[in-house]
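Visitor: Quick one: this structure, given as structure tokens, is what I'll be asking you about.
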């Protein structure tokens, strides 16, 4: 894995050495940020189910003002920190060790772009969208990565699906506040 563009372009990121994490591929990340480009500069970015932190670090590389990483696995949290250190990122991030759908996220907010990569499965997708909905303010954008077989709902808790991008077996679904 590597950072694709921005001030950290070309930096290599450590990948997990255990099973259970499914990092967003470089190709899918590039597609995501091609769409997000006009929204990233100065943005407050949420990378939920962060895994390696690659998506949030890519946002920082491309000009996001701050990234918040939410990950419940201690090993992945350490991996995110190691990747941030490797890239020399300081003072522009927070790592929250919590289950995204847990109580810790109820008080979070103020994000311009929210990216969710929950475990694949219709139930996990639905739960993640329900949790994220109150965090999506007016003008904010929510993007969720999910398996093609798990169709994203067209509306959920005040959010409306505006776009789907399919790449292989993965889909990026884009939501805005209604």
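Numbering (this note's numbering), first residue to last: 8 to 185. Positions of the beta carbon are idealized from the N, C-alpha and C atoms, including for glycine. None of the values given here were measured: they were computed from a predicted structure.
In the structure shown, what three-state DSSP assignment does residue 106 receive?
Guide: As a first step, residue 106 is located in the chain shown; it is residue number 99 there, counting from the start. It is coil, neither helix nor strand.
Visitor: Below 8 Å on the Cβ atoms is my guess for residue 179 versus residue 168; work out the distance and round it to an integer in Å.
Guide: Taking the first residue of the chain shown as 1, we reach residue 179 at position 172. Taking the first residue of the chain shown as 1, we reach residue 168 at position 161. Actually they are not in contact, since the Cβ atoms of residue 179 and residue 168 sit about 11 Å apart, beyond 8 Å.
Visitor: Under three-state DSSP, which class holds residue 88?
Guide: As a position in the chain shown, residue 88 is number 81, starting the count at 1. The answer is helix: DSSP assigns residue 88 an H, G or I state.
Visitor: Excluding sequence positions up to five away, which residues of its chain have a Cβ less than 7 Å from the Cβ of residue 135?
Guide: Here residue 135 refers to the residue found at position 128 of the chain shown. So the list reads 107, 108, 123, 125 and 151, once near-sequence residues are dropped.
Visitor: Identify whether residue 177 lies in helix, strand or coil by the three-state DSSP scheme.
Guide: The count along the chain shown starts at 1 and reaches residue 177 at position 170. In this structure, residue 177 counts as strand in the three-state DSSP scheme.
Visitor: Contact check, residue 182 vs residue 143 under 8 Å by CB: the rounded distance?
Guide: If you number the chain shown from 1, residue 182 lands on position 175. If you number the chain shown from 1, residue 143 lands on position 136. Going by Cβ atoms, the distance from residue 182 to residue 143 rounds to 7 Å, so yes, they are a contact pair.
Visitor: Can you tell which of 149, 154, 30 and 166 has the C-alpha that lies nearest to the C-alpha of residue 46?
Guide: Position 39 of the chain shown holds residue 46. Residue 149 is the option with its Cα nearest to residue 46.
Visitor: Quick one, which of 82, 127 and 73 has its alpha-carbon nearest residue 21's?
Guide: Position 14 of the chain shown, counting from 1, holds the residue named residue 21. Comparing Cα positions, the closest option is 82.
Visitor: What residue range is occupied by the uninterrupted alpha helix (DSSP H) comprising residue 130?
Guide: The residue you call residue 130 lines up with position 123 of the chain shown. Segment 129 to 139, the alpha helix (DSSP H) holding residue 130.
Visitor: Return yes when the Cβ of residue 66 is within less than 7 Å of the Cβ of residue 76, no when it is not.
Guide: Taking the first residue of the chain shown as 1, we reach residue 76 at position 69. Taking the first residue of the chain shown as 1, we reach residue 66 at position 59. No, the Cβ-Cβ distance between residue 76 and residue 66 is not below 7 Å.
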